[in-house]
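Residue numbers (my numbering): 92 to 383. I have placed the structure first, in the form of structure tokens, so that the comments after it can refer back to it.
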Amino acid sequence: MSSKDRVLDFLEKNKEDFISGEFMAESLGLSRTAVWKAIKELRNQGYVIEASSKKGYILGTSNDIISESGILAELSTYSANVSSGKKEKIYSAIVSSHGMIHIHETLDSTNRTAKELAIAGASGGTVVIAKSQTLGKGRREHEFFSPEGGIYMSIILTPEMLPSLEPDVITALAGVSVCEAVQDLCGIEPKIKPVNDLFVDGKKICGILTESGTEFDTGTVQWIVIGIGINFDSDMSLFPKDLQSIAGALFEPGKSTVTKNRLIAAIICNLSRLSTESTKGVLKAYNDRVIK
Numbered sequence: 092m093s094s095k096d097r098v099l100d101f102l103e104k105n106k107e108d109f110i111s112g113e114f115m116a117e118s119l120g121l122s123r124t125a126v127w128k129a130i131k132e133l134r135n136q137g138y139v140i141e142a143s144s145k146k147g148y149i150l151g152t153s154n155d156i157i158s159e160s161g162i163l164a165e166l167s168t169y170s171a172n173v174s175s176g177k178k179e180k181i182y183s184a185i186v187s188s189h190g191m192i193h194i195h196e197t198l199d200s201t202n203r204t205a206k207e208l209a210i211a212g213a214s215g216g217t218v219v220i221a222k223s224q225t226l227g228k229g230r231r232e233h234e235f236f237s238p239e240g241g242i243y244m245s246i247i248l249t250p251e252m253l254p255s256l257e258p259d260v261i262t263a264l265a266g267v268s269v270c271e272a273v274q275d276l277c278g279i280e281p282k283i284k285p286v287n288d289l290f291v292d293g294k295k296i297c298g299i300l301t302e303s304g305t306e307f308d309t310g311t312v313q314w315i316v317i318g319i320g321i322n323f324d325s326d327m328s329l330f331p332k333d334l335q336s337i338a339g340a341l342f343e344p345g346k347s348t349v350t351k352n353r354l355i356a357a358i359i360c361n362l363s364r365l366s367t368e369s370t371k372g373v374l375k376a377y378n379d380r381v382i383k
């Protein structure tokens, strides 16, 4: 990790309190100058970092920039509330080391990148996130408009991470995971339009695309990629005219009540927890949320 990323990680993990530059430098094995330069670089990237000559630095509460450090910090909150014997394989794989979460400013498609990583041997639990997509797609190659303001993420899973589930319920697993995260954190109750769209107040706010790779000779599934696209606080006026009547967002721009990092972490945690459920249990949770 770079000095900048290490400082950000330290601030994320200690975001409830001011941290002196001296203490941060000693803890990270950096010079005070290196810490100061890292703070400056983070501010240039848009992070709000408050400073006090007597107290040190603290990460501002208004930050909403997707980062590996921010997601891992939110996941650690989940970890504190779950006994060690119940931390599921997906969660454990992601938090086992840095580098499992890949953040990009823009990609043509997070699913395409995740599939390339899976083919190259990336571990199950690898997450690919982009702040925008240029060629986002849904089922049957339909375009998924993906401007800034959304959450576009794909996660690589292996069959071993889904011990109790049939392959045809993986999309349902993702739908329920997103619905529960949105309801718990945003106070909004999405409904599911089969098989892979989530709606709020009659507007589509999320699409899900599940793809897999199989071994040619046996047809055995080697990996699964779940792609999730959420209109978080997207500016709907920038959407094509034909989409403005059918697409919506969780929040108006700049008016979110939860950070993107927290929602991403909650979705990961829900995927991890629900992955140990039975096919029957996942389908019941899915059907309970289907638009009647």
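Quick reminder that beta carbons are idealized off the backbone N, C-alpha and C, glycines included.
Nearest-angstrom Cβ-Cβ length linking residue i and residue j, presumed shorter than 8 Å
i, j, result
"Thr262", "Thr301", "5 Å"
"Ile317", "Ile299", "7 Å"
"Leu150", "Glu113", "18 Å between Cβ atoms; not a contact."
"Asn352", "Glu165", "5 Å"
"Ile210", "Gly120", "Not really, about 37 Å apart at Cβ, beyond 8 Å."
"Asp275", "Ala357", "7 Å"
Length of the line joining the Cα atoms of residue i and residue j
i, j, result
"Glu271", "Glu280", "8 Å"
"Ser369", "Gly212", "28 Å"
"Ser214", "Lys206", "12 Å"
"Gly345", "Thr309", "50 Å"
"Pro238", "Asn378", "30 Å"
"Ser325", "Leu133", "24 Å"
"Lys177", "Met191", "Low local confidence applies: a pLDDT of 45 at Lys177 is under 50, so the model's placement there is unreliable, and no value is given."
"Phe236", "Thr350", "21 Å"
"Phe101", "Asp333", "45 Å"
"Leu163", "His233", "32 Å"
"Ala142", "Tyr148", "5 Å"
"Ser363", "Ser245", "14 Å"
"Ile359", "Ser93", "25 Å"
"Gly161", "Arg231", "34 Å"
"Gly137", "Glu107", "20 Å"
"Lys282", "Arg97", "39 Å"
"Glu117", "Leu289", "47 Å"
"Gly372", "Glu159", "31 Å"
"Lys128", "Gln335", "43 Å"
"Arg123", "Ser111", "10 Å"
"Glu251", "Asn135", "42 Å"
"Ser347", "Glu257", "36 Å"
"Lys146", "Gly229", "49 Å"
"Ala125", "Lys95", "9 Å"
"Glu313", "Leu208", "Note that residue 313 is Gln in the sequence shown here, rather than Glu. When rounded, the distance between both Cα atoms is 13 Å."
"Ser144", "Met115", "14 Å"
"Met327", "Phe307", "43 Å"
"Gly240", "Thr311", "37 Å"
"Ser167", "Phe109", "19 Å"
"Asn384", "Ile355", "Here the chain comprises residues numbered 92 to 383, so residue 384 is not present and cannot be evaluated."
"Leu99", "Ile185", "18 Å"
"Asn202", "Thr367", "24 Å"
Under 8 Å between C-beta atoms of residue i and residue j
i, j, result
"Val260", "Leu374", "yes"
"Ile321", "Ile194", "no"
"Val382", "Lys295", "Rather than Val, the amino acid found at residue 382 in this sequence is Ile. Their beta carbons are not under 8 Å apart, which means Ile382 does not touch Lys295 by this criterion."
"Gly227", "Ser200", "yes"
"Gly339", "Val286", "no"
"Ile140", "Ile130", "yes"
"Ile315", "Cys297", "no"
"Ile247", "Gly216", "yes"
"Phe323", "Leu341", "yes"
"Thr197", "Thr152", "no"
One or two residues paired with residue i in a DSSP bridge
i, result
"Ala51", "Because the chain spans 92 through 383 in this model, residue 51 falls outside it and cannot be assessed."
"His233", "According to DSSP, which records beta bridges pairwise, His233 is partnered with nothing at all."
"Gln224", "Leu198"
"Val98", "Answer is none; Val98 lacks a bridge partner."
"Met252", "Its beta-bridge partners do not exist; DSSP assigns none."
"Ile279", "Ile279 is not bridged to any residue."
"Thr301", "Ile317"
"Lys284", "Asp288"
"Glu141", "Ile149"
"Met244", "Ile220 and Ile319"
"Val381", "Ile283"
"Val312", "Thr305"
"Ile192", "Val218"
"Lys206", "Partner(s): none; Lys206 has no beta bridge."
"Ala338", "Lys295"
Legend entry - Cβ contact (3+ pairs, closer than 8 Å) linking the stretch 266-275 and the stretch 205-223: no
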